[in-house]
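Q:
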Amino acid sequence: MQGQAVGLIETRGYVGLVEASDAMVKAARVTLTRYERIGSGYVTTLVRGDVGAVKAAVAAGTDAAKRVGELVSAHVIPSPHPMLESLLLASTVPGEGNDE
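Its first residue numbered 548, the sequence shown is counted upward by one per residue in this note's numbering.
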């Protein structure tokens, strides 16, 4: 995973997250790495891939989330620091999220 860009989209509500995630993996060659339940209805999805693919995926996911729900934030980290990579990998298993 090292050397790959990270793309994040945060929505308020699960439906927006699912729509954004679906759009991202359909729009570009990215891997859906995980999602995280933040609390109070906020959820974040994370994708990995090369910079161009992640940027395209996040753009598509952002548009999709806006259509069906509430987009809170979207961001691409082109070259994450190795410590950030360790933090992202050490967190919850994809699909399980955090207990609230």
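The beta-carbon is built from N, C-alpha and C at its ideal position, and this holds for glycine as well.
Would you report the Cα separation of Lys613 and Gly563, rounded to the nearest angstrom?
A: As a first step, residue 613 is located in the sequence shown; it is residue number 66 there, counting from the start. As a first step, residue 563 is located in the sequence shown; it is residue number 16 there, counting from the start. In a straight line, the C-alpha of Lys613 is about 8 Å away from that of Gly563.
Q: DSSP state of Ala614, grouped into three classes?
A: Here the question's residue 614 lines up with position 67 in the sequence shown. One point to set straight first is that residue 614 is Arg, not Ala, in the sequence displayed. Note: Arg614 maps to helix in three-state DSSP.
Q: Can you name the start and end residues of the beta strand (DSSP E) that Gly554 belongs to?
A: The residue given as residue 554 occupies position 7 in the sequence shown. Element bounds for Gly554: 552-559.
Q: My parser needs the beta strand (DSSP E) runs of 3 or more residues fully inside the region 576-637; what are they?
A: Whole beta strand (DSSP E) segments, 3+ residues: 578-586, 589-596, 617-624.
Q: Throw me the rounded Cβ distance for the Ile556 and Ala567 pair, which I believe falls under 8 Å.
A: As a working note, residue 556 is residue 9 in the sequence shown. As a working note, residue 567 is residue 20 in the sequence shown. Confirmed, Cβ separation roughly 5 Å.
Q: What does the alpha-carbon distance come out to for the pair Ala552 and Thr558?
A: By one-based count along the sequence shown, residue 552 stands at place 5. By one-based count along the sequence shown, residue 558 stands at place 11. Each residue's Cα considered, the two are about 20 Å apart.
Q: Hey, out of Ala606, Tyr561, Ser587, whose CA is closest to Val594's CA?
A: Residue 594 sits at position 47 when you count from the first residue of the sequence shown. If we check each option's Cα against that of Val594, Ala606 comes out closest.
Q: Suppose the cutoff is 7 Å on Cβ atoms and the five residues either side in sequence are ignored; what does the same chain contact list for Gly588 look like?
A: Taking the sequence shown and counting its residues from 1, one reaches residue 588 at position 41. If we look at Gly588 and ignore the five residues flanking it on each side, its Cβ neighbours are Arg559, Gly560.
Q: Between Ala604 and Val577, what straight-line distance do the alpha-carbon atoms span, to the nearest angstrom?
A: The residue you call residue 604 lines up with position 57 of the sequence shown. The residue you call residue 577 lines up with position 30 of the sequence shown. If you take the alpha carbons of Ala604 and Val577, they lie about 7 Å apart.
Q: Count the other C-beta atoms from every protein chain shown that fall within 10 angstroms of the C-beta of Asn596, then say buried if there are 16 or more, exposed otherwise.
A: Position 49 of the sequence shown, counting from 1, holds the residue named residue 596. Going by the sequence as given, residue 596 is Gly instead of Asn. Per the 10 Å Cβ criterion, buried.
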